[in-house]
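To keep things clear, I will list the structure first and then write my remarks on it.
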Amino acid sequence: MELFFNPFDNLVCILLGISFTVWFTLLLVFIIVPAIFGVSFGIRRLYMKTLLKIFEWATLRIERGAKEKNHLLYKPYSNAIIAREPTSLEEEIKEIRRSGSNKDLDAAPEFEMSDIFYFARRGVESIMDDEVTKRFSAEELESWNLLTRSNYNFHYISLRLTVLWGLGLLIRYGFLLPLRVTLAFTGVGLLVFLTSVVGLLPNGRMKNFLSEKVHLMCYRICVRALTAIITYHDSENKPKNGGICVANHTSPIDVIILASDGCYAMVGQIHGGLMGVIQRSMVKACPHVWFERSEVKDRHLVAKRLSDHVEDKSKLPILIFPEGTCINNTSVMMFKKGSFEIGATVYPVAIKYDPRFGDAFWNSSKFGMVNYLLRMMSSWAIVCSVWYLPPMSREEGEDAVQFANRVKAAIARQGGLVDLLWDGGLKRGKVKDTFKEEQQKLYSKMLLRLSWDFP
Amino acid sequence: LGGSCANLLLSHSQITRLYSRFTSLDKGENGTLSREDFQRIPELAINPLGDRIINAFFPEGEDQVNFRGFMRTLAHFRPIEDNEKSKNPTASEPLNSRTNKLLFAFRLYDLDRDDKISRDELLQVLRMMVGVNISDEQLGSIADRTIQEADTNGDNSISFNEFIKASFVLTLHTLL
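Listed in order, the protein sequences are those of chains A and B. For the first sequence, position 155 (counting from the first letter as 1) is numbered 155 according to full-length UniProt numbering, and the numbering increases by one without interruption. For the second sequence, position 156 (counting from the first letter as 1) is numbered 156 according to full-length UniProt numbering, and the numbering increases by one without interruption.
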C-alpha cells in the first residue's frame, strides 16, 4: 500500500510546486513589477477589445433569437412612455385653460376647476418615471455583457450563447476571481507594511518621496486587482498641493482610481477593523485627515482642520466627494457646500464608468461592502475615464452654494452626466417640505397676479 | 393578466416598462405598493396634490395596491387615438376616454367620495394647491365664485355632470 502511494504523492507534490512557482512568477512579472514602475504591457486593453467584440456578437444573437420567436425585447431607453418638454407652471396651466374655455384669458386669471389637471398630470408622470429614484439603482444596459445580473431578456436563445455564458462564468469565477483576490491581499498587505516602515523615518524630503512611491505602487496593484482599465484625460490639470480635489461619487473604488495616478490626502471617518488598520498605517507615512466619529458632527471643527491642511503648502491636495453618497453614475447630485466654503482652489475631476464591463455602482442598501467587492472582482473589468478639469476658484459675489453648483455643472458636462439639483441624501431621507411650498407659491402667484400685488 | 389588459389598450412593451417601474418602487418586495412607496418619489412628494393623486390608486378602505390596480389607474392617462374608437364598438368605454379622465379629476376634488364636490371640499383642495399664500377670505370668495358658476341645480355643490360642463374641456385628449 505504502509503496503504491509514495511515488504518486511525490509526483503530485512536485507538480503542485512547479505550477505554483510558475503562477507566482507570471504574477510578479506581468502584474506586480509593472505596478511598481507604473508601466503597462497593454494586456488589459487587448482584453477589453476582445470582450467588446464578444458582447456585440452576443447581443446580435439575442436580438435575432427574439425575432425568430416573435418576442419583444425589453429595451430600457427606447420605450419611453413620457415625452416631456420643459415648460413653466404658468404656461402649462394657461394651455390647459385655453383649450377649454372660450373666455378671454387675460381678463380672468383666477381659479378654474380644470387647473387641477396640471398637478394631476405632473403627479402621474412622476409616478411613471422620475428623475431621482432611478439614480439610486444600477443603470440598465442596452446590450448584454454575459453577466446574468444585467440581463432582462435572459431566456434560452441558443446553445452557442449559453456555452459562451458558461465559459464566461468559469473564467470569471475560476480564474479571474482568485487571481484578483490574491492581488488585492498583496496590495493591501504591502500598503500597510510599507507605510508603517516609511513612517519610521524622520520627517523630510526623503520620507515624502518614499511615501509617494509606496502609495502609488500599492494603489496600482489594487487597480490591477480589479482589472481596472482607466483612461486619464488632461493630466496637465492634476491637483496641486494646497488645493481641494472634488469628484463625483459612484463607489469606494473611485478613491483607488484617483489615488493610483496622483497623491492625495484622504478625508474621512476612522473606522474599526481592517479599514481602521489601513487608515492608521497610512497616516504614519503622510498626513491624511481622519476624523473621530464624534468630531464629524462638528462642522466648524471639520472646516478648521481642512483649511489648516490646505494652508500648509507642503501637504498633499485633499480628496473630497461632495455628494456625500454613492450615485449610479448617470447623474451628478447636489454638492454639499462645506468644502466650497474653505476658500482654496478647487480642482474638479469627472469620473465616468463604462457600464458594459461591469456596473461599478455601490447600492449600499442592497449590498454590503464585502459582497460589493466580490461582485466587482467577478465582473469582466472596470473601465472608466477620468477627466481632470481646469482649477476653479470662488468668484466675487458668489456664495458657496453657487460656487458648488458651478463646479457640479462643469463636472456633469464633461462626464456626460445629468446635472440634478436634488440632494443625494434622498436615497435614504424624505424630501424637505420647502420644495412643496415653492410649488404652492408659484401657483398662488399666478392666481392673484392681476388682482393683488404679490410680495 | 393578458385578458384584463385588453381593454387597457397598453402595448406589450409599455406593460413591461410599467412592471419594471412597479417593482423598483416596491421596496418591500411583496408584490404590492403602499402609500409610503409612492411618497418616496421626490417629485411626487413636492406636488401639492401628491396625497390626493396617491389616494386615487387605492380602492376604498385599502392600503395596498397590486400591479393590476396600478396599471388601471395609469391607463387613464394614455392618449386617445382616433383609430381605436372604431375597433370594438361593443366593448365598454376605454379607461382613457374623455369622460373617464374627467372622472379621475372629479375624484381628486371629491374627498369623501359622495359624488358631489361641496364648498368645504373645494376649499380644502384649493388650500392644498395654494399653501399659506392666500388668505381664508380670498380663498373663500374664489370657491364661492367657482360654485356659483358651475352649480346649475342650486344645491350648492358640484355634481359630476356640472363638473363636465364647467370644465368645458372640449379638446382634453390633446393634453393627457
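Quick reminder that beta carbons are idealized off the backbone N, C-alpha and C, glycines included. In this text, all values refer to a predicted model and were calculated from it rather than measured experimentally.
| Asked | Found |
| --- | --- |
| I'd like the list of long-range same chain contacts for Q439 of chain A, defined as Cβ closer than 8 Å, with 5 residues on each side in sequence excluded. | L89 |
| Taking the beta strand (DSSP E) that P239 of chain A falls in, what are its first and last residues? | Counting along the chain, P239 of chain A falls outside any beta strand (DSSP E), and DSSP gives it neither H nor E. |
| Roughly how many angstroms lie between the CA atoms of Q414 of chain A and E295 of chain A, to the nearest whole one? | 35 Å |
| My assumption, with CB atoms under 8 Å, is that N47 of chain B sits in contact with H76 of chain B. Please give the rounded CB distance. | About 17 Å; that fails the 8 Å criterion. |
| Quick one: is the Cβ of G199 of chain A within less than 6 Å of any heavy atom of the ligand ATP? | The ligand ATP is not part of this structure, which contains no ligands at all. |
| For T146 of chain B, return the contacting residues in chain A, with the cut-off set at a CB-CB distance below 7 Å. | F111, M113 |
| Just verifying my parser: in three-state terms, what is the DSSP assignment at K432 of chain A? | coil |
| Spatial neighbours of K366 of chain A within its chain, please: CB distance less than 7 Å, with the 5 preceding and 5 following residues excluded, ordered by chain position. | none |
| Run down chain A in chain order and give the residues with a C-beta less than 8 Å from the C-beta of S24 of chain B. | T133, K134, S137 |
| Kindly indicate if chain A contains any beta-carbon less than 7 Å away from that of V65 of chain B. | no |
| Would you mind telling me which residues of chain B sit closer than 7 Å to L426 of chain A, beta carbon to beta carbon, in chain order? | P42 |
| Taking only three categories from DSSP, how would you classify G272 of chain A? | coil |
| Using CA coordinates, which residue listed in A:I318, A:F24, A:V267 is at the minimum distance from I244 of chain A? | A:I318 |
| Can you pull out the residues from the stretch 261-280 of chain A whose beta carbon lies closer than 9 Å to at least one beta carbon of chain B? | none |
| Would you identify the three-state DSSP class for F136 of chain A, choosing helix, strand or coil? | helix |
| If we ignore side chains and look at the alpha-carbon of each, how far apart do V407 of chain A and Q39 of chain B end up? | 31 Å |
| Measuring alpha carbon to alpha carbon, tell me which residue in A:I31, A:V33, A:I54, A:I14 is nearest residue 461 of chain A. | For chain A, the structure presents residues 1 to 455; residue 461 of chain A sits outside this window and is missing. |
| Using a Cβ-Cβ distance under 7 Å, would E437 of chain A count as near chain B? | yes |
| Rounded to a whole number of angstroms, what is the C-alpha to C-alpha distance between L176 of chain A and T25 of chain A? | 17 Å |
| Between the alpha carbons of N102 of chain A and Q148 of chain B, how many angstroms are there, rounded? | Confidence at N102 of chain A is low in this model, with a pLDDT of 48, below 50, so the placement of that residue is unreliable and no value is reported for it. |
| Determine, for M71 of chain B, whether the minimum Cβ-Cβ distance to residues of chain A falls below 7 Å. | no |
| In whole angstroms, what is the alpha-carbon distance linking G17 of chain A and R180 of chain A? | 21 Å |
| My parser needs the alpha helix (DSSP H) runs of 4 or more residues fully inside the stretch 16-56 of chain A; what are they? | 33-37 |
| Under 7 Å, do D254 of chain A and I382 of chain A count as touching if we go by C-beta distance? | no |
| Going by the beta-carbon positions, is the gap between T330 of chain A and K427 of chain A smaller than 7 Å? | no |
| Using 8 Å for Cβ pairs, my map puts E437 of chain A next to G131 of chain B. What's the rounded Cβ distance? | 6 Å |
| Would you kindly report the start and end of the unbroken alpha helix (DSSP H) that includes C218 of chain A? | 205-225 |
| Run through the DSSP bridge pairs and tell me what Y232 of chain A is partnered with. | A:V386 |
| Short of 9 Å Cβ to Cβ, which residues in the stretch 197-213 of chain A face chain E? | Structure shown: chain E not included; protein chains present are A and B. |
| Taking contact to mean 3 or more Cβ pairs, one atom from each stretch, closer than 8 Å, check whether the stretch 262-280 of chain A and the stretch 188-196 of chain A are in contact. | yes |
| May I ask you to report which of helix, strand or coil DSSP gives V192 of chain A? | helix |
| Please list the terminal residues of the continuous alpha helix (DSSP H) segment that includes F291 of chain A. | Premise fails: F291 of chain A lies in the beta strand (DSSP E), 289-291, not in any alpha helix (DSSP H). |
| Residues bridged to I158 of chain B by DSSP? | B:I117 |
| In chain B, which residues lie less than 8 Å from I93 of chain A when you measure between Cβ atoms? | Chain B residues near I93 of chain A: none, gap ~11 Å exceeds 8 Å. |
| The beta strand (DSSP E) with I320 of chain A in it runs from where to where? | 318-320 |
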